[in-house]
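Heads up: take any position in the sequence shown, counting from 1, add 105, and you land on my numbering.
Even glycine gets a Cβ: it sits at the ideal position worked out from N, Cα and C.
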Amino acid sequence: MPKRKPAAEDGQMSLSGHLKELRNRVILCVLFFVTAFVICLAYAPQLVTLLTGIGERYDYQFVYLSPEELLLVYFSIALIGAAVFSAPLLGYQAYAFCSPGLEGGERLSFLLAMVSGALCFCLGVLFAYLVSVPFILHFLISLGDGVAISAAISVQSYINFLLTIFVIFGAIFELPVISVLLTRLGILKPEWLVKSRKVMIVVIFFIAAVITPPDVMSQIMVAIPMVILYEVSILLSRLCAAMRRKEKTKSDET
């Protein structure tokens, strides 16, 4: 790991020291990303087989329409895999670089935000993989029942579709973490979330209708987890606001 340059006489690192440390950390992250990309590229065919296996359970047939299409799919899978594996290192390097300028409570909040953010994103992707994607694929293939048309899907279009769904659900599951962070910073108040509940439920169902096939069941399956996450965000925001008030009271007393 990059080592910090010795502090100046006043206990503060010079600007050149900060820049050198930042450069070293960026180089380390880039080298790790490149290594992870090469490894993921070697296993890309197996990952593509895993993802296409979901569609094959519903009688999807996959083809590639240009000579380089399958290679581009492998590269896309490798890039995303490298980004996923590099994320923990990138988060740690960001934490290690910023931690000297943070107080004890801020360090803990920063660390918890990174860990909980990663866990929530993974939960969102897992929910999409196990629940949403199979349901959506089953609904879409069922539209061809009774029609003399077989589904021969471009593998690049299919993989891009799955990755889009994974990213959307991963981002949706970040809602509680974002709410806690904004409340911790004093930007968001739980009262605002409560007052906006009815409006947000309408917005949630609208978003669910946009990102899902045009049927009620798909919309409900996506909207219900989002509503639950919104309620969890209100609860966590209230707890965080209460803790913030206690900390402010203690600081005023001292």
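Count the other C-beta atoms from every protein chain shown that fall within 10 angstroms of the C-beta of residue i, then say buried if there are 16 or more, exposed otherwise.
i, result
"residue 251", "exposed"
"residue 241", "buried"
"residue 311", "exposed"
"residue 354", "exposed"
"residue 191", "buried"
"residue 130", "buried"
"residue 227", "exposed"
"residue 183", "buried"
"residue 298", "buried"
"residue 254", "exposed"
"residue 291", "exposed"
"residue 154", "exposed"
Just the C-alpha distance for residue i and residue j, rounded to the nearest angstrom, thanks.
i, j, result
"residue 203", "residue 222", "18 Å"
"residue 315", "residue 270", "12 Å"
"residue 137", "residue 218", "23 Å"
"residue 176", "residue 230", "24 Å"
"residue 349", "residue 195", "28 Å"
"residue 152", "residue 168", "16 Å"
"residue 243", "residue 260", "17 Å"
"residue 174", "residue 121", "46 Å"
"residue 341", "residue 166", "45 Å"
"residue 309", "residue 197", "33 Å"
"residue 264", "residue 179", "10 Å"
"residue 289", "residue 296", "14 Å"
"residue 112", "residue 225", "Annotation note: pLDDT 48 at residue 112 (below 50); position unreliable, no value reported."
"residue 322", "residue 332", "15 Å"
"residue 330", "residue 125", "45 Å"
"residue 62", "residue 235", "No answer is possible for residue 62: the residues shown for the chain start at 106 and end at 359."
DSSP beta-bridge partners for residue i?
i, result
"residue 259", "168"
Going by the C-beta, is residue i closer than 7 Å to any heavy atom of the ligand COA?
i, result
"residue 219", "This structure simply doesn't include the ligand COA, nor any ligand for that matter."
Pair every Cβ in the segment 276-288 with every Cβ in the segment 178-188, then say whether three or more of these pairs are closer than 8 Å.
They do not touch, by the three-pair rule.
Hey, is the segment 280-290 in contact with the segment 331-338, meaning 3+ C-beta pairs nearer than 8 Å?
Under the three-pair Cβ rule at 8 Å, the segment 280-290 counts as touching the segment 331-338.
Residue ranges of each alpha helix (DSSP H) run of no fewer than 4 residues wholly in the segment 251-336, ordered along the chain?
Counting only runs of 4 or more, we get 260-277, 280-289, 295-300 and 302-316.
If we require 4 or more residues per run, which alpha helix (DSSP H) segments fall completely within the segment 124-175?
Taken in chain order, the whole alpha helix (DSSP H) runs of length 4 or more contained in the segment 124-175 are 149-161.
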